[in-house]
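**Q**
In the numbering used here, the protein residues as written are 7 to 167.
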């Protein structure tokens, strides 16, 4: 995409998880730039990580609007106020590249159980969406020792994203 929109080129360049399409590489060719696949993920081939676990974790939060009343698609729109929509700013822009999650030591140590920063942020996005009727149930599913409580606030995720 060359614009940081799809996340498919996520890798570790010069020791930082980043998107190759927007990463500036030093033009001084006398120095080498080390390029690796995302850390702590199985590698499919070359720089391509196996994202199956990451995507399964994303699917586990049920990232779609859920309604308690029957909904006929196309019948009417689900409107939000400007303020309700503003609450989602900064959350829906995630492109699921996994740069933040693979920079998180808690995710490295517990990737099979801990959802990691990207999926937790997406879970929060659906909890606060005014159009969704299942916020309480979503929070209940997240209430275990490996959900948000495994975050040790190292903040690698925020530096990377």
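Heads up, the beta-carbon is just placed ideally off N, CA and C, and yes, glycines get one too.
Computed from a predicted model, the values in this text were never measured in an experiment.
1. Terminal residues of the continuous alpha helix (DSSP H) containing residue 65?
2. In terms of residues, what are the limits of the beta strand (DSSP E) holding residue 168?
3. In whole angstroms, give me the CA-to-CA distance for residue 43 and residue 145.
4. Have a look at residue 133 and residue 15 and give me their C-alpha separation to the nearest angstrom.
5. Go through its chain and collect everything with a Cβ distance to residue 111's Cβ below 8 Å, but skip five positions before and after it.
6. Is residue 109 closer than 8 Å to residue 166 when the C-beta atoms are compared?
7. For residue 63, count neighbouring Cβ atoms within 10 angstroms of its own Cβ and tell me buried if that reaches 16, exposed if not.
8. Check for me: the alpha helix (DSSP H) holding residue 126 runs from which residue to which?
9. When the distance is taken between beta carbons, is residue 152 closer than 8 Å to residue 113?
10. Residue 126 and residue 104 - do their beta-carbons sit closer together than 8 Å?
11. Sort out for me which residues DSSP pairs residue 78 with in a bridge.
12. Out of 106, 137, 147 and 22, state which residue places its alpha-carbon closest to the alpha-carbon of residue 82.
13. Spatial neighbours of residue 26 within its chain, please: CB distance less than 7 Å, with the 5 preceding and 5 following residues excluded, ordered by chain position.
14. Residue 77: buried (16+ other C-beta within 10 angstroms of its C-beta) or exposed?
15. Please report the straight-line C-alpha distance between residue 34 and residue 24, rounded to a whole angstrom.
16. Assign residue 48 to buried or exposed, taking buried as 16 or more other Cβ atoms, counted over all protein chains shown, within 10 Å of its Cβ.
**A** In short:
1. 58 to 66
2. Look at the range of the chain in this structure, 7 to 167, and you will see that residue 168 is not part of it.
3. 33 Å
4. 29 Å
5. 158, 160 and 162
6. yes
7. buried
8. 122 to 133
9. no
10. no
11. Looking at the DSSP assignment, residue 78 forms no beta bridge with any residue, so it has no partner.
12. 137
13. 15, 17 and 19
14. exposed
15. 20 Å
16. exposed
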